[in-house]
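Enquirer:
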Amino acid sequence: MVKLKSKILYSITVIIASCAILYGLSYTANKYYIPVLKGEEIYTDYSVYYEAAQNFGQEANSTYRSSAPHEKGGSFNYPPFSLVLFYPLSFLSFPVSYTLFSIVNTLCCVAVGWLTLKIMKEYSTYRIGFRKEMFFLFLCMGLAPVVQNAKHAQINGIIALISIGAIYLALRKNYVIAMVLVSIGFGLKLYPILLAIPIATLIPFEKEEKNKFKIIMFSLLGFLGVQVLSLLMIPLSLYEYYFTEYIALLSNYTCLSGFNQSFSGIMMRLLTPDFNAGTWQIVEIMPILKIITILMQLIGIGYIIYSIKKKDNLLYTFCLSTLIMVSMPLFSPLGWEYVYVLCLPFLGIAYVLGYADTKSRNPITLLTSITLIAFCIPKLGDDTLVRLQTKYPDFLFHIYYSRWFFLIIVLSIIVYRVIVADIKQKQFLPKS
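Quick note on numbering: this note's numbering labels position 305 of the sequence shown as 305, and the sequence is numbered without any gaps.
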């Protein structure tokens, strides 16, 4: 009876998700790819990166001249290192460059799903059938964060692939290359620097390796070497400006739009009088919220270092690493919907645990289905939201704007508890 309920729930999830994904992919092609390739002017975030790269080609120090993170839109917020990627793409025409970058990012999301399933096969005893594997890859191609990422030709698919690639290499004890990937990810979008925590924690507790100091030194050199080599193309003055002035300004502001499902965005919406469901207002984050965010991150870092040593299990390390990736959109000042692409590896863990052929788990199966379906629903249009706000109470919009944030947190707690329990029961393979 339990397995029958699980199959019915899975079937419902497949039907709803498939319809939403096919619609999202069709919408992106018809409203973005085709018009852009025809030469129509449609705003996408990629136009900002493209313009910044062109400015860099004309005068390097003018890269950030039109960027202002405390104002709505138009800001190039990525580190100077990212120009290593964007500058070559600026030599292509905008339609070709935009479409190529968008498609590559979507393919990277599929690769993230594939690598997640591969890690679960190698380090756990749970198995899902071929059809379920293919459906998860389909999810990785069309969930709302991935579609939003594709529409704006954002970089998050690449960041997610670099991040899980670094984790996978660290699990296989290729620490130096893993840190090289972390350095590249950090150069593109800062967030992946957090993955240095589980990687660096694994090295001292490596039982079979005798020369740990050598590994640590080479890993550090690998990380620094990538950044130093970028100076052959990017002037040091850009780095100085970005890390001493620009990033400090960027971290002070958030956006009230429901497209922003971060802790700072959610709290500032709740604390802002005369809440407007369709607003894209940029506001300064209250100091107490910044303190709370920093404290939560520091506590999380301390717990990760402690628990990786205590559990001595690679699947557990993978789980914690994916939770670090989850924290990136949750606790950044701007947790835009497309940044939730970084949750794909964690969703893969929940998917395998919830839909495994060998064991049925009602709570995690149900919550995984709810989360996946919720991840198929993007933010409604601003005009629609404004009209609806005249008919329904504000708290419904606050819940809607926070749906991914809270679902991911609840799912994280349940998945974590399941993995800890199964480690005790020898369900997961220990370090070898």
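Idealized CB from N, CA, C, for every residue including glycine.
Counting along the chain, where does the alpha helix (DSSP H) carrying Thr244 start and finish?
Expert: Premise fails: Thr244 is in no alpha helix (DSSP H) and is neither H nor E.
Enquirer: Taking only three categories from DSSP, how would you classify Ser276?
Expert: The sequence shown places Asn at residue 276, rather than the Ser named in the question. Note: Asn276 maps to coil in three-state DSSP.
Enquirer: Return yes when the Cβ of Tyr355 is within less than 7 Å of the Cβ of Tyr10, no when it is not.
Expert: Contact: yes.
Enquirer: Going by DSSP in three states, Asn260 sits in which element: helix, strand or coil?
Expert: Three-state DSSP puts Asn260 in a strand.
Enquirer: List the residues that DSSP assigns as beta-bridge partners of Thr254.
Expert: According to DSSP, which records beta bridges pairwise, Thr254 is partnered with Val283.
Enquirer: Taking the CB atoms as reference points, tell me whether Leu353 and Ile364 lie closer together than 7 Å.
Expert: Against a cut-off of 7 Å, the Cβ pair of Ile364 and Leu353 comes out as a contact.
Enquirer: Buried or exposed, going by whether 16 or more other CB atoms sit within 10 Å of the CB of Leu250?
Expert: The residue is buried, with at least 16 neighbouring Cβ atoms inside 10 Å.
Enquirer: On the criterion of 16 or more Cβ atoms from any shown chain inside 10 Å, does Val410 qualify as buried, or is it exposed?
Expert: So Val410 counts as exposed.
Enquirer: Taking only runs that begin and end inside the region 355-414, name each unbroken alpha helix (DSSP H) of 4 or more residues, in chain order.
Expert: Counting only runs of 4 or more, we get 362-374, 382-389, 394-401.
Enquirer: Under the rule that 16 or more other beta-carbon atoms within 10 Å means buried, what is Pro69, buried or exposed?
Expert: Buried is the call here.
Enquirer: Pick helix, strand or coil for Ser93, following the three-state DSSP scheme.
Expert: Ser93: coil per DSSP, three-state reduction.
Enquirer: Let me check one thing: in DSSP terms, what residues is Trp336 bridge-paired to?
Expert: Its beta-bridge partners are Asn260.
Enquirer: Count the other CB atoms within 10 Å of the CB of Met217; is the residue buried (16 or more) or exposed (fewer)?
Expert: Label assigned to Met217: exposed.
Enquirer: Report the three-state DSSP secondary structure of Ile234 (helix, strand or coil).
Expert: Coil, per DSSP.
Enquirer: Just to check my reading of the structure: Val386 and Ala248 have Cβ atoms closer than 8 Å, yes? What is that Cβ distance to the nearest angstrom?
Expert: With 8 Å as the limit, Val386 and Ala248 do not qualify as a contact, their Cβ atoms being about 34 Å apart.
Enquirer: Assuming Pro192 and Ser163 form a contact by the criterion Cβ under 8 Å, report the distance between their Cβ atoms to the nearest whole angstrom.
Expert: That pair is a contact at about 5 Å.
Enquirer: Taking the alpha carbon of Phe397 as the reference point, which residue from Leu344, Ala178, Ser257 has its own alpha carbon closest?
Expert: Nearest C-alpha to Phe397: Ser257.
Enquirer: For Tyr241, which residues in the same chain have their Cβ closer than 6 Å to its Cβ, ignoring the five residues on either side in sequence?
Expert: No residues qualify anywhere along the chain.
Enquirer: So what does DSSP say about Pro88, is it helix, strand or coil?
Expert: Helix at Pro88.
Enquirer: Let me know the secondary structure DSSP gives Ile42 once reduced to three states.
Expert: Looking at Ile42 - three-state DSSP - the assignment turns out to be coil, as it is neither helix nor strand.
Enquirer: Measuring straight from C-alpha to C-alpha, what distance separates Ile349 and Tyr168?
Expert: Those two C-alpha atoms are separated by around 14 Å.
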